[in-house]
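Student: Below you'll find the structure I mean.
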Ligand code: AMP
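Numbering (the working numbering), first residue to last: 67 to 254.
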C-alpha cells in the first residue's frame with residue numbers, strides 16, 4: 067500500500083503519519099526532510115538548493131522527481147511508501163503517477179487531514195500564552211495556512227477525481243482519528 071498524506075501546518079499530520087508508519091510498517095518519504103538532509107550533508111545537490119529552501123521557495127520539479135525516484139525504485143520500499151510534502155503541484159502529481167507506473171506500483175489512498183483556521187489559531191494561542199509574541203506567531207500561522215490551502219487545492223482536486231481522496235476531520239481527539247484512518251485502510 068502506498069499513500070499520500072496532506073494537512074495544513076498545525077493539523078497533526080506528523081502524529082498521524084507516525085501512527086500509520088508504525089501500524090502498517092510503511093516508510094515515510096518526506097521530501098522536505100530528504101532535501102534538508104542533502105543540505106546538512108553538503109552534497110552537490112544540497113549546496114545547489116540551500117538558498118532556494120532557505121528563501122521558502124519550492125525546489126524544481128525535476129530535482130524532486132530524481133529524489134523521489136530513488137525511493138520508488140528501491141525494492142525495500144516497494145508498496146510501502148507514505149508521501150509527505152509531495153506532490154506539491156499538478157506536475158508533481160502527474161510525475162508521481164508516471165514513476166509509480168514505471169515500477170509497477172500505484173497510490174492506494176490519499177488522506178487529507180482537515181482542520182479549520184479557527185482551530186489552528188486556538189492551538190497557537192494555547193501554545194503561546196507564555197510568550198509575548200503570540201500575535202506575531204498567529205499572523206505567521208494564518209499566512210502559512212492560507213498558502214497551504216491555496217497551493218494544495220488543485221492537487222487535492224486531482225485525487226478527488228481519481229476517487230482516492232478521504233478527508234479526515236482533524237479536529238477530534240487523536241485516538242478517534244487513528245481509528246477512522248485504520249477503518250479506512252482496512253477497506254482497501
Ligand atoms: P516541508 O518540510 O515539506 O515544508 O518542505 C520544506 C521545503 O523543502 C519547502 O519549503 C521547499 O523548499 C522544499 N520542498 C519540500 N517538498 C517539496 C516538493 N514536493 N517540491 C518542491 N519543493 C519541496
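We put the beta carbon where it would ideally sit given N, CA and C, even for glycine. Fair warning: this is a prediction, and the values are worked out from it, not measured in the lab.
Need the endpoints of the beta strand (DSSP E) that residue 150 sits in, please.
Tutor: In the chain shown, counting from the first residue as 1, residue 150 sits at position 84. Element bounds for residue 150: 147 to 150.
Student: Using three-state DSSP, classify residue 235 as helix, strand or coil.
Tutor: Translated into the one-based positions of the chain shown, residue 235 becomes position 169. DSSP places residue 235 in strand when its eight states are reduced to three.
Student: Could you work out which residue in 159, 101, 237, 86 is closest to residue 222 when comparing CA atoms only?
Tutor: Along the chain shown, one-based indexing puts residue 222 at 156. Taking the Cα of residue 222 as reference, the smallest distance to any Cα among 159, 101, 237, 86 is reached at 159.
Student: How long is the line joining the alpha carbons of residue 217 and residue 166, rounded to whole angstroms?
Tutor: To locate residue 217, count along the chain shown from 1; it is residue 151. To locate residue 166, count along the chain shown from 1; it is residue 100. Cα-Cα distance, rounded: 23 Å.
Student: Considering residue 90, what are the terminal residues of the alpha helix (DSSP H) in which it resides?
Tutor: Residue 90 sits at position 24 when you count from the first residue of the chain shown. In the DSSP annotation of this structure, the continuous segment of the alpha helix (DSSP H) that includes residue 90 starts and ends at 79 to 90.
Student: Return yes when the C-beta of residue 220 is under 7 Å from any heavy atom of the ligand AMP, and no when it is not.
Tutor: Looking up residue 220 in the chain shown gives position 154. No, Cβ of residue 220 sits at least 7 Å from all heavy atoms of the ligand AMP.
Student: Does the ligand AMP have a heavy atom nearer than 7 Å to the CB of residue 154?
Tutor: Along the chain shown, one-based indexing puts residue 154 at 88. Look at residue 154: its beta carbon is less than 7 Å from one of the heavy atoms in the ligand AMP.
Student: Is there at least one non-hydrogen atom of the ligand AMP closer than 7 Å to the beta-carbon of residue 125?
Tutor: Here the question's residue 125 lines up with position 59 in the chain shown. True, at least one ligand heavy atom lies under 7 Å from that Cβ.
Student: Less than 8 Å between the beta carbons of residue 92 and residue 146, yes or no?
Tutor: Numbered from 1 along the chain shown, position 26 holds the residue referred to as residue 92. Numbered from 1 along the chain shown, position 80 holds the residue referred to as residue 146. Going by C-beta atoms, residue 92 is nearer than 8 Å to residue 146.
Student: Measuring only the C-alpha atoms, how far is residue 169 from residue 139?
Tutor: Numbered from 1 along the chain shown, position 103 holds the residue referred to as residue 169. Numbered from 1 along the chain shown, position 73 holds the residue referred to as residue 139. Spanning the two alpha carbons is a distance of roughly 6 Å.
Student: Going by CA-CA distance only, name the one from 243, 119, 97, 219 that's closest to residue 156.
Tutor: Residue mapping note: residue 156 aligns to position 90 of the chain shown, counting from 1. Looking only at 243, 119, 97, 219, the smallest Cα-Cα distance to residue 156 is reached by 219.
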